[in-house]
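Quick note: the sequence shown uses the numbering used here, first residue -12, plus one each step.
From the three backbone atoms N, C-alpha and C, an ideal C-beta is built for every residue, glycine too.
Please read the structure below before turning to the comments.
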Amino acid sequence: MSDFNVTVACWRGKEIKAEAELRSYWDKEFYVVRRQPSLLIIKHKGDPFEAVKKLKEMVDPRYTTLLKAIPYDYSVPADINEVVKAVEKAAKKIPEGETFRITLQGPIFELRGDDWVELDREEVIRRVAEVVKRPVNLTQPQWVVYIKSLPLRGIQQAGISVHRPEWIFTVKPY
């Protein structure tokens, strides 16, 4: 099974250049699991959160093809039960009393009988929120529970990231 722990968004058509740019920062500490338009799906060999922090420190926003990098705690099948288990483990990072919000990108599924059924977005968010057990703040959360579902080698995978908003590498286009 393919897994990943970082996604990097870049300008469309600049995926090869973005990969080369990442090599200049991360050397051989990563490999590209999948390249798709405007997105590199990456397995970093070290701590993905430290790798993204390094990008934040080193990238000059005026001269980059990189637009956004998100580190992940877990990569699991996009099955609601697997997603909930991974979120429950990752959410232990959120201290008591601190707030969170959930951001969901892509479909999450549930096995019902013999069929995989795509769940309604609100149902996924509700079921995930049940295991976080912290106050919700949709406008200015202290933590983000980020779930990104994408196809990898014929299997829908979900990346699970529990992070502070400032831990994400983002470049504002000029």
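Inset, instruction - Give the straight-line distance between the Cα atoms of F96 and V115, rounded to the nearest whole angstrom. - result: Whole-angstrom Cα-Cα distance: 13 Å.
Legend entry - Option in T(-6), K159, D101, P94 with minimal Cα separation from E110: The residue from T(-6), K159, D101, P94 with its alpha-carbon nearest to that of E110 is P94.
Inset, instruction - Look at the alpha carbon of G33 and the alpha carbon of Q144, and state the distance between them as a whole number of angstroms. - result: In a straight line, the C-alpha of G33 is about 20 Å away from that of Q144.
Legend entry - Coil, strand or helix - K80 by DSSP: In the structure shown, K80 sits in a helix (DSSP, three-state: H, G or I).
Legend entry - Buried versus exposed call for T(-6) [16 or more other C-beta atoms within 10 Å across all chains shown]: Buried.
Legend entry - I142, buried or exposed, once every other Cβ within 10 Å from all chains shown has been counted against 16: Exposed, by the Cβ-count rule.
Inset, instruction - Report, in whole angstroms, the separation of the C-beta atoms of K30 and Y18, which I expect to be a contact under 8 Å. - result: Here K30 really is in contact with Y18; their C-beta atoms are around 6 Å apart, less than 8 Å.
Inset, instruction - Could you tell me the distance, in whole angstroms, from the CA atom of E83 to the CA atom of E153? - result: Cα to Cα, the separation comes out at about 19 Å.
Inset, instruction - Measure the Cβ-Cβ separation of I67 and L137 and say whether it is below 8 Å. - result: In this structure, L137 does not lie closer than 8 Å to I67 by Cβ.
Inset, instruction - Kindly indicate which residue of D14, Y59, K79 has the alpha-carbon position closest to the one of I155. - result: Taking only the C-alpha atoms, the option nearest I155 is Y59.
Inset, instruction - Mark L125 as exposed unless 16 or more other C-beta atoms lie within 10 angstroms of its C-beta, in which case mark it buried. - result: Taking a 10 Å sphere around the C-beta of L125, we find fewer than 16 other C-beta atoms and assign the residue as exposed.
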